[in-house]
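As structure tokens, the structure follows; a few thoughts come after it.
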Amino acid sequence: MASISFRPLHDRVVVRRVESEEKTKGGIIIPDTAKEKPQEGEIVAVGNGARDDSGNVVALDVKVGDRVLFGKWSGTEVKLDGEDLLIMKEADIMGIVA
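Quick note: the sequence shown uses full-length UniProt numbering, first residue 1, plus one each step.
Right, dumping it as structure tokens:
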């Protein structure tokens, strides 16, 4: 996907979930109904940043293309350009996967 036709505001980011594994390490195939939603994703769009107490914009720590981990119930699921994505605040992100 080249880019999406949506720009989040303030400290929000748009995340595309990464696909979870089809098999366990032991080789057992996991059916779709038993899979949990992945808690890892790729940043596809970021807002300009949050405002501090002085009204200055503070840039976000994440950028487009970063792989991140987030909480199980983080974000709001949306469909943009035919793709299922999550919109969440940067604070919902636990960290960047190196």
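Where is the CB? At the ideal position from N, CA and C, for every residue including glycine.
Proximity of residue i and residue j at Cβ, strictly below 8 Å
i: residue 94; j: residue 12; result: no
i: residue 9; j: residue 41; result: no
i: residue 61; j: residue 74; result: no
i: residue 29; j: residue 81; result: no
8 Å contact criterion, which residue i and residue j should meet: CB distance rounded
i: residue 15; j: residue 44; result: 7 Å
i: residue 46; j: residue 72; result: Incorrect: roughly 22 Å between the Cβ atoms, too far for contact.
In DSSP terms, what residue i is bridged to
i: residue 58; result: 50
i: residue 7; result: Residue 7 is not bridged to any residue.
Where residue i falls, given that 16 or more other Cβ within 10 Å makes a residue buried
i: residue 66; result: buried
i: residue 19; result: exposed
Enclosing beta strand (DSSP E) for residue i [first to last residue]
i: residue 77; result: 76-80
i: residue 83; result: 83-89
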